[in-house]
Each structure stands twice: as structure tokens, then as C-alpha cells.
Amino acid sequence: MVSIANRSSAHLKFGRRTLLRYSFVAGLLAAGLTSLPGLAVAQQPEPPLVTVAKPVVRDIVEDDEFVGRFEAVDDVSVRSRVAGYLDEVHFRDGAMVNKGDLLFTIDRRPYQAAYDAAKSQVDVVTSLLEFAKTQLDRAEQLAHSGNLAVSTLDDRRREFLSAQAQHQGVEAALRTSSLDLEFTEIRSPLTGRIGRRLVSPGNLIQPDSTLLTTIVAIDPIDFYFDIDERSYFAYARDARQRGGSLQEGSGGLDVSVRLADNTAKPFKGKLDFSENRLDEGTGTMRVRARFDNTDGVLQPGMFGRINVPGSLPHPGILLPDEAIGADQNRRIVFVVDDAGLVSAKPVRTGPRIDGYRVIREGMTGDETVVVNGIVRVRPGVTVKPQMITLPPKAEGQTQ
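The numbering used here numbers the first residue of the sequence shown as 516 and each following residue consecutively.
Put into C-alpha cells, the structure is as follows:
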């Protein structure tokens, strides 16, 4: 019994010494690991760098936008007034032509012959008229002296009047022949851009039926679009305040239009006409704006978006679209306080003006807003703001 107790005591002492030794080694290992540079406790990351700015605050006029199409002020279908074979074409397809330019020539020979014959007939009848006038003068002298019967004098008067009527008839025929000869030269009735020729030389042309080409006047050019009844009353009231009338083309509002590619600067024009009735089916009114088109960029048939002033000048808050984010079904901006803490503000946006987005509600204009780098921020984080000043108009907006 004694030996068993001694052995148990010895094993217990050995286990305690082993436990102490392992604890000592574990402590050394822990101390060594914590002293290694790569395993040190990670430091807090630097706050993200973002660009911030005060919003642009200035007087603005909010525009209403409509879609419409350009149409030529004048659009002419060119046809011949006389029949004949087409001799020559005197223009290039798609070229600009001036009023009075020669476009087509019809075979002149038949009409020249008819004119010459009519002129000869005039010469013959003119001689007969002169003879009848001489006979009448002689008869009146004889009758005055009592040497000619009254009935003979009446015959001479009748002959003169008949010759006079014949002369008027052949003169009218000569004028008709002259017009037909003139109509063999088909000239441009207006200044504009001509289309392609639809008939080649050698073809027989029928008067008033054969379409030869078309011409459109493109400077100035009209833009037609439809507006609702409320907008019509607003624009008409504005025109009256200017001392004009929307229907009569005076006192029109200044408008601008952009083409479908939205790359070129907007074209400036004026509202100058509205229809005389509202379309009962659509509840809209057809309105027209007129634009100068000296360089010929605008063409009939082009689509565009027209901006019409829809408000009086009033103070507005403007931000670039890059500064506006989305949170579910609302728009937000990220505001940074003096300590760099970010918070989100819901806003209600309006149209674009001079490259900026109008902020209608949710801001006072004194906030510091994140304008670049909103993907790196969220409410409650701290950022390192870099302040810039937004220009009155966004880059590239010169109008």
C-alpha cells in the first residue's frame, strides 16, 4: 500500500512540472507572436476622399419640354404647264436653288412655231385694221360733206369694229403662244433646297400631272408640336404681357430646340403661331416655332425636343446629376457637416438647366454636398472632403 501511494505522489509531481513547463512555453510563444510586425492589431482605415461643393444658387426659369418635328415654311411640287418632251435638266440633285433659277427645259420648237404663226396673224390683222380705219375716216369726211349715204358710213363703221375685234383676238392668241413658249423653261418658284429629279430627258411631260421634282424653303424653318390646354393658356398670357399675340405671330416666347442626338448646342427661335381650335380628341393645341436656318443644318422631317419657358424667373438650387443618388423610390444627396460626417437628404428634383439638375425641395442652398465619389460614402461615415466651387453653368453649357 505504501509503494502504491508513493508512485501516485511521484506521478502527480511530474504532471505539475509538465503543466508548468507547457504554460511557460505557451506564454513565450504568445509574447513572440504579438511582437511580430505583420501580426499587429490592424489600424483604422483612412476616411475616403470625396469632392464636395456648395450648390449653385441663382435665378432660373424652368422650361417645359415637348417633342415635335421640323417642317418647311414652303413646300412646292414642280410640274410643267405645257406638254412636250423634256430636253434638259439644269440642277444637281439636292442643291440649293434661288428663285428664278432655270430647272428644266421642254422642247421649244413646237411652241416657237406656234408663236411665230400667231405673230404673223397679228401682222395680217393689224393691216386689215389699219385699212378699215382709213376707210372709215374717208367715209366720215364724205358723209360730213353730204357726198356719201348714211348706210355706206354705217358699213364702214361695222367693218372697222369687226377688224378691231379680230385684232384683239389674234393679240390674245399671240400672248397665249408667248406664255406657252415661256413655260417651256421651268424655273424655281422659291429659294430653297431642291430634291432629286423624277423625270429624265427624253420623256414626254404632261401638263399639271407629271411631277418633276420638289423644293422646300428651309431658311427660316418651322417646328410644330402639341401642347396641353394649361400650357397654351400660360404661353398665350405671356405673349399678351409682351404686347403681342401667340396666334398672330407677334410677341412670341423665346424657345430652344435640340436635335435627337442631343450633341449640338440648342437652336434659338420664337413661338409665332397656334391653331385656332383645340383638338377635342387629344385635348392638345398645335403650336409652331420659327427658327433661323442659315447654315441649313435643320431639315424638314427632323425630330427635336423643344424647351419653352414654363415659369417666371425665381431663385433656384442647382446640382450636377452626379451628386444625386437614388434610395429605393426617392432621390437623395449626401451632405457633409463640419466634422466630415455624412448624412443623406431626400430631395425632389426638377428639369435640367444649363447642365445642372433643379432641386425643387429638400435643400436650402447652404449645404455642403458630395458632388464626386458618392459611391464611396453612406450615411454615418466620416469622409475627407475636398472643396470645389461649381461654375454658374456646367462645362460645355454656353447657351
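All C-beta atoms, glycine included, are put in the ideal place defined by N, C-alpha and C.
Since I believe residue j is in contact with residue i (beta carbons under 8 angstroms), could you give me their beta-carbon distance rounded to a whole number of angstroms?
{"i": "Val850", "j": "Thr879", "result": "About 11 angstroms separates the two Cβ atoms, so there is no contact after all."}
{"i": "Arg672", "j": "Leu651", "result": "6 angstroms"}
{"i": "Phe782", "j": "Phe806", "result": "5 angstroms"}
Grab me the residues of residue i's own chain with a C-beta within less than 8 angstroms of its C-beta, minus the 5 sequence neighbours each way, in chain order.
{"i": "Ile889", "result": "Val565, Glu837, Ala838, Gly840, Phe849"}
{"i": "Pro570", "result": "Ile832, Leu833, Leu834, Ile874, Met878, Gly880, Glu882, Val884, Leu905"}
{"i": "Asp723", "result": "Arg594, Ser595, Arg596"}
List the endpoints of the continuous alpha helix (DSSP H) containing residue i.
{"i": "Val884", "result": "Val884 -> not in any alpha helix (DSSP H); beta strand (DSSP E) instead, spanning 884-887."}
{"i": "Lys908", "result": "From DSSP, Lys908 is part of no alpha helix (DSSP H); its letter is neither H nor E."}
{"i": "Phe619", "result": "Phe619 -> not in any alpha helix (DSSP H); beta strand (DSSP E) instead, spanning 617-621."}
{"i": "Leu651", "result": "624-659"}
{"i": "Glu697", "result": "665-698"}
Between which two residues does the beta strand (DSSP E) harbouring residue i extend?
{"i": "Glu580", "result": "578-594"}
{"i": "Glu876", "result": "871-876"}
{"i": "Ser789", "result": "782-789"}
{"i": "Asp853", "result": "Premise fails: Asp853 is in no beta strand (DSSP E) and is neither H nor E."}
{"i": "Arg803", "result": "799-806"}
{"i": "Leu603", "result": "Position check: residue 603 holds Glu in this sequence, whereas Leu was assumed. Taken as a continuous stretch (DSSP letters only), the beta strand (DSSP E) holding Glu603 covers 599-604."}
{"i": "Glu561", "result": "Note, Glu561: premise wrong, no beta strand (DSSP E); not H, not E."}
{"i": "Ala732", "result": "726-743"}
{"i": "Asp842", "result": "840-842"}
{"i": "Gly831", "result": "829-834"}
{"i": "Gly707", "result": "707-709"}
{"i": "Arg607", "result": "Careful: Arg607 lies outside any beta strand (DSSP E) and carries neither H nor E."}
{"i": "Val572", "result": "571-575"}
Within the same chain, show all residues whose beta-carbon is closer than 7 angstroms to that of residue i, passing over the 5 residues directly before and after it, in chain order.
{"i": "Met902", "result": "Val567, Ala568"}
{"i": "Phe740", "result": "Phe581, Val582, Gly583, Val802, Ile821"}
{"i": "Arg845", "result": "Pro861"}
{"i": "Leu696", "result": "Arg623, Tyr626, Gln627, Tyr630"}
{"i": "Ala658", "result": "Val665, Leu668"}
Identify every residue that forms a DSSP beta bridge with residue i.
{"i": "Ile821", "result": "Phe581, Val772"}
{"i": "Pro861", "result": "Ile847"}
{"i": "Leu813", "result": "Leu813 pairs with nothing; no bridge assigned."}
{"i": "Thr566", "result": "Asn887, Gln901"}
{"i": "Asp867", "result": "The residue asked about is misnamed: residue 867 is Arg in this sequence, not Asp. BP columns for Arg867 point to Arg872."}
Do you know how far the Cα of residue j is from the Cα of residue i?
{"i": "Ser692", "j": "Val685", "result": "10 angstroms"}
{"i": "Leu833", "j": "Arg792", "result": "38 angstroms"}
{"i": "Phe675", "j": "Leu694", "result": "29 angstroms"}
{"i": "Asn808", "j": "Val770", "result": "15 angstroms"}
{"i": "Val604", "j": "Thr728", "result": "11 angstroms"}
{"i": "Arg596", "j": "Ile720", "result": "9 angstroms"}
{"i": "Gly599", "j": "Ile709", "result": "22 angstroms"}
{"i": "Thr897", "j": "Glu561", "result": "9 angstroms"}
{"i": "Leu618", "j": "Glu586", "result": "23 angstroms"}
{"i": "Ala687", "j": "Thr699", "result": "19 angstroms"}
{"i": "His829", "j": "Asp579", "result": "15 angstroms"}
{"i": "Asp631", "j": "Arg624", "result": "11 angstroms"}
{"i": "Gly816", "j": "Gln843", "result": "40 angstroms"}
Taking 6 angstroms as the limit between beta carbons, can you name the residues of its chain near residue i, skipping five residues before and five after?
{"i": "Ile868", "result": "Ile575"}
{"i": "Asn613", "result": "Thr706"}
{"i": "Leu543", "result": "Model confidence at Leu543 stands at a pLDDT of 44, short of 50, so the residue's coordinates are unreliable; what they give is reported in the following sentence. Cβ neighbours of Leu543 beyond the five flanking positions: none."}
{"i": "Ser858", "result": "Val850, Pro894"}
Relative to the ligand MG, is the shortest distance from any of its heavy atoms to the C-beta of residue i smaller than 7 angstroms?
{"i": "Ile709", "result": "This structure lacks the ligand MG, and indeed carries no ligand of any kind."}
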